[in-house]
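>
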Amino acid sequence: MRRFGKTAHLFGAITLIAAFFLSLTTAAADEPGVVVQVNDDSLAKWSFTLTNVENIQAQLGKKKVKIEIVAFGPGIFMLERNSGVRQQLDEAMKNGVTFIACEASMREHNLARKDIYPGVGFVPSGVAEIVNKQRDGWSYLKP
Amino acid sequence: MRRFGKTAHLFGAITLIAAFFLSLTTAAADEPGVVVQVNDDSLAKWSFTLTNVENIQAQLGKKKVKIEIVAFGPGIFMLERNSGVRQQLDEAMKNGVTFIACEASMREHNLARKDIYPGVGFVPSGVAEIVNKQRDGWSYLKP
Amino acid sequence: MRRFGKTAHLFGAITLIAAFFLSLTTAAADEPGVVVQVNDDSLAKWSFTLTNVENIQAQLGKKKVKIEIVAFGPGIFMLERNSGVRQQLDEAMKNGVTFIACEASMREHNLARKDIYPGVGFVPSGVAEIVNKQRDGWSYLKP
């Protein structure tokens, strides 16, 4: 009987630990953000995308949803130092939106880091970043 | 020993309850639908999107997969009362497809609720709706 | 007390089995690939998509991430036997990328299986395939 009790205790402990780690992943699943794709060289699309992001923040709460905008391909020009949406970039950064430039696309379009708007982050591959974020449970949005 | 037994019992009960709620979320994960994005003002794209939805239903079964089409931005005109795809909207509604209009986009384009096709639902923000659905485990499709 | 011990034992066993199956689904969730959508009849878009896939493989490792490109609608022409991106298709296939043609779109555009590039797979519905992959936990990419 002592044996039964101990075995049960062990099972209980193992499953409690398992449940704890599962609860961690569940908690993490409540926290993931939204990764937003920009791959067109279109001022109208950039502006539309930034308005979409404002709407998400207005609806879900700025502090409740992380938003990361990843620009790659011809969309990389959205994040140029002299981008046509500079003012909206500033506004979005103030509101906690993260901007990420794809370095593969920068090379393709002869842009150096100094050519990119201040405050923008860098990844080797924009599409890989979008895949990684989805694998972490983030929602995906292509406006 | 009585203590051990009781503790184990308690552990077992807690983990059983945890497993029950986890199984609920697992069950729910088998059930989520597909949220389909329309944000272009293009009759061809609207028609293509509705054909895509027919194909999903034909392949996966009308009753097996919930489908919600969310129109926002310039895509909002798909759901106007005098939309060019009225007939396909009717057909899709008969087949259980849900249509959702973004109220932020309606304001932007001076459309009131009376200007929207009967049977269409409303959300404050179409993009937020798409994010919420993905967070609930729904698949995402942008035709 | 014996009763308590046995009940606890039973609880422990049940939850351990549940945890085991949950761990299986967790393990599977680490393995899913990326499903990539092509639905435009645009040589530039096809080439861009294939470059995106190269970047994903370069960044995440060819053997670490399964990639499936699904062509449907007017995008089906990407996978024609005399496609303008034949060379890139060959290269991608060598690198383990899977290509899938939508049979509904083939019918729509009067293409038979013999008109499709060798090595390409077939599904009844390309959009249903994309939904199914997402339901299996795959990331989604629409370049």
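Residue numbers (my numbering), protein chains in the order written: chain A, 294 to 436; chain B, 294 to 436; chain C, 294 to 436.
The beta carbon of each residue, even a glycine, is placed where N, CA and C say it ideally should be.
Contact check, L372 of chain A vs I409 of chain A under 8 Å by CB: the rounded distance?
Along the first sequence, read from residue 1 onward, the residue named residue 372 of chain A stands at position 79. Along the first sequence, read from residue 1 onward, the residue named residue 409 of chain A stands at position 116. So it is a contact: roughly 5 Å between Cβ atoms.
> Give the DSSP bridge partners of V346 of chain B, in chain order.
Residue mapping note: residue 346 of chain B aligns to position 53 of the second sequence, counting from 1. Answer is none; V346 of chain B lacks a bridge partner.
> Assign F341 of chain C to one of three DSSP states: helix, strand, or coil.
Indexing the third sequence from 1 puts residue 341 of chain C at position 48. Looking at F341 of chain C - three-state DSSP - the assignment turns out to be helix.
> Examine the Cβ distances between the segment 427 to 434 of chain B and the segment 394 to 406 of chain B and report whether three or more of them are shorter than 8 Å.
Output reads no: the segment 394 to 406 of chain B does not touch the segment 427 to 434 of chain B.
> DSSP state of L382 of chain B, grouped into three classes?
Numbered from 1 along the second sequence, position 89 holds the residue referred to as residue 382 of chain B. Looking at L382 of chain B - three-state DSSP - the assignment turns out to be helix.
> Please report the straight-line C-alpha distance between A322 of chain C and K407 of chain B, rounded to a whole angstrom.
The residue labelled residue 322 of chain C in the question sits at position 29 within the third sequence. The residue labelled residue 407 of chain B in the question sits at position 114 within the second sequence. Confidence is the limiting factor: at A322 of chain C the pLDDT is only 41, short of 50, which leaves the residue's position unreliable and the question unanswerable from this model.
> Spell out whether any CB of chain A is found under 8 Å from the CB atom of G368 of chain B.
Indexing the second sequence from 1 puts residue 368 of chain B at position 75. No, G368 of chain B lies away from the interface with chain A (no Cβ there is under 8 Å from its Cβ).
> So, using beta-carbon positions, are I393 of chain A and I362 of chain A closer together than 8 Å?
The residue you call residue 393 of chain A lines up with position 100 of the first sequence. The residue you call residue 362 of chain A lines up with position 69 of the first sequence. The answer is yes: Cβ separation under 8 Å.
> Got a sec? Which residues, its chain only, sit under 6 Å from K359 of chain A by beta carbon, not counting five neighbours each side?
Reading the first sequence from its first residue, position 66 is the one you call residue 359 of chain A. Closer than 6 Å at the Cβ level, and outside the excluded window around K359 of chain A, lie G326.
> I want to see whether chain C comes within less than 8 Å of I409 of chain A, judged by CB atoms only; does it?
Here residue 409 of chain A is taken as the residue at index 116 of the first sequence, counted from 1. No, I409 of chain A lies away from the interface with chain C (no Cβ there is under 8 Å from its Cβ).
> What residue range does the alpha helix (DSSP H) around V390 of chain C cover?
By 1-based counting over the third sequence, the position of residue 390 of chain C is 97. No alpha helix (DSSP H) holds V390 of chain C; DSSP gives it neither H nor E.
> Would you say K435 of chain A reaches chain B, if we count a Cβ-Cβ gap shorter than 8 Å as a contact?
The residue labelled residue 435 of chain A in the question sits at position 142 within the first sequence. Taking Cβ atoms only, chain B reaches closer than 8 Å to K435 of chain A, which makes this a yes.
> Within 10 angstroms of its Cβ, does L343 of chain C collect 16 or more other Cβ (buried), or is it exposed?
The residue labelled residue 343 of chain C in the question sits at position 50 within the third sequence. L343 of chain C should be labelled buried.
> I'd like to confirm the pairing. Which residues does DSSP put opposite Y433 of chain C in its beta bridges?
As a first step, residue 433 of chain C must be located in the third sequence, where it is residue number 140. In DSSP, Y433 of chain C forms a bridge with C:V328.
> Suppose contacts are defined by Cβ-Cβ distances below 8 Å. Is N345 of chain A in contact with V331 of chain B by that definition?
Along the first sequence, read from residue 1 onward, the residue named residue 345 of chain A stands at position 52. Along the second sequence, read from residue 1 onward, the residue named residue 331 of chain B stands at position 38. It is not a contact, given that the beta carbons lie outside the stated cut-off.
> Starting from A421 of chain B, find everything on chain A with Cβ-Cβ shorter than 7 Å and list it in chain order.
Residue mapping note: residue 421 of chain B aligns to position 128 of the second sequence, counting from 1. Residues of chain A passing the Cβ test: N348, I349, Q352 and L353.
> Can the beta-carbon of V378 of chain C be found closer than 8 Å to that of W339 of chain C?
Counting from 1 along the third sequence, the entry for residue 378 of chain C is found at position 85. Counting from 1 along the third sequence, the entry for residue 339 of chain C is found at position 46. Cβ atoms of V378 of chain C and W339 of chain C: closer than 8 Å.
> Mind reading off the beta-carbon distance from F417 of chain B to E396 of chain B? Whole number of angstroms is fine, and I expect it under 8 Å.
What you label residue 417 of chain B is simply residue 124 of the second sequence in a count that begins at 1. What you label residue 396 of chain B is simply residue 103 of the second sequence in a count that begins at 1. Correcting the residue identity first, residue 417 of chain B is Pro in this sequence and not Phe. With 8 Å as the limit, P417 of chain B and E396 of chain B qualify as a contact, their Cβ atoms being about 5 Å apart.
> Are the CB atoms of M386 of chain C and G412 of chain C nearer to each other than 8 Å?
Numbered from 1 along the third sequence, position 93 holds the residue referred to as residue 386 of chain C. Numbered from 1 along the third sequence, position 119 holds the residue referred to as residue 412 of chain C. A contact, by the Cβ cut-off of 8 Å.
> Closer than 9 Å, Cβ to Cβ, to anything on chain B: give me those residues from the segment 374 to 394 of chain A, in chain order.
Result list empty, no residue passes.
> What first and last residue would you give for the beta strand (DSSP E) that runs through I360 of chain A?
On the first sequence, position 67 is the one that residue 360 of chain A refers to. Note, I360 of chain A: beta strand (DSSP E), I360 to A364.
> Run through chain A and tell me which residues come within less than 8 Å of V424 of chain B, C-beta to C-beta.
Taking the second sequence and counting its residues from 1, the one referred to as residue 424 of chain B is at position 131. Under the 8 Å cutoff, chain A gives V327, I349, L353, V358, S432 and L434.
> If we define contact as Cβ-Cβ less than 8 Å, is W339 of chain C a contact residue for chain A?
Within the third sequence, numbered from 1, the residue matching residue 339 of chain C stands at position 46. No - not a single Cβ of chain A is within 8 Å of the one on W339 of chain C.
> Expressed to the nearest angstrom, what Euclidean distance is found between the alpha-carbon atoms of F365 of chain C and F341 of chain C?
Counting from 1 along the third sequence, the entry for residue 365 of chain C is found at position 72. Counting from 1 along the third sequence, the entry for residue 341 of chain C is found at position 48. The straight-line gap from Cα to Cα measures roughly 17 Å.
> Indicate whether at least one CB of chain A lies closer than 8 Å to the CB of A320 of chain B.
What you label residue 320 of chain B is simply residue 27 of the second sequence in a count that begins at 1. Bear in mind that the predicted position of A320 of chain B carries a pLDDT of just 38, short of 50, making it unreliable; the figure below should be weighed with that in mind. False, the Cβ-Cβ gap to chain A never drops below 8 Å.
> The alpha helix (DSSP H) spanning V424 of chain C covers which residue range?
In the third sequence, the residue the question calls residue 424 of chain C occupies position 131. Looking at the DSSP string, the run of the alpha helix (DSSP H) that includes V424 of chain C is G419 to R428.
> Residues of chain B with a CB under 7 Å from the CB of A397 of chain C: which are they?
As a first step, residue 397 of chain C is located in the third sequence; it is residue number 104 there, counting from the start. The answer, in chain order, is N348.
> Candidates C:Q352, C:E324 and C:S376: which alpha carbon is nearest I423 of chain A's?
Here residue 423 of chain A refers to the residue found at position 130 of the first sequence. Of the candidates C:Q352, C:E324 and C:S376, the one whose C-alpha sits nearest the C-alpha of I423 of chain A is C:Q352.
> Evaluate Q380 of chain B with the Cβ neighbour count: other Cβ atoms within 10 Å of its Cβ, from every protein chain shown; 16 or more gives buried, anything less gives exposed.
As a first step, residue 380 of chain B is located in the second sequence; it is residue number 87 there, counting from the start. Result: exposed.
> Could one say the Cβ of N332 of chain B lies closer than 8 Å to chain C's Cβ atoms, at least one of them?
Locating residue 332 of chain B in the second sequence gives position 39, counting from the first residue. No, N332 of chain B lies away from the interface with chain C (no Cβ there is under 8 Å from its Cβ).
> For chain A, is any of its Cβ atoms less than 8 Å away from the one on S418 of chain B?
Residue 418 of chain B sits at position 125 when you count from the first residue of the second sequence. Closer than 8 Å to some Cβ of chain A, the Cβ of S418 of chain B qualifies, so yes.
> Mapping the DSSP letters down to three states, classify G377 of chain B as helix, strand or coil.
The residue labelled residue 377 of chain B in the question sits at position 84 within the second sequence. Here G377 of chain B sits in coil by DSSP.
> Can you name the residues that DSSP bridges to V416 of chain C?
Here residue 416 of chain C is taken as the residue at index 123 of the third sequence, counted from 1. Partner(s): C:C395.
> For N403 of chain B, go through chain C and note every residue whose CB falls closer than 8 Å to its CB, in chain order.
In the second sequence, the residue the question calls residue 403 of chain B occupies position 110. What N403 of chain B touches in chain C: nothing, since even the nearest Cβ is about 30 Å away.
> If we cut at 8 Å on Cβ distances, does R400 of chain A have a partner in chain C?
Counting from one through the first sequence, the residue named residue 400 of chain A turns up at place 107. Not one chain C Cβ lies under 8 Å of R400 of chain A.
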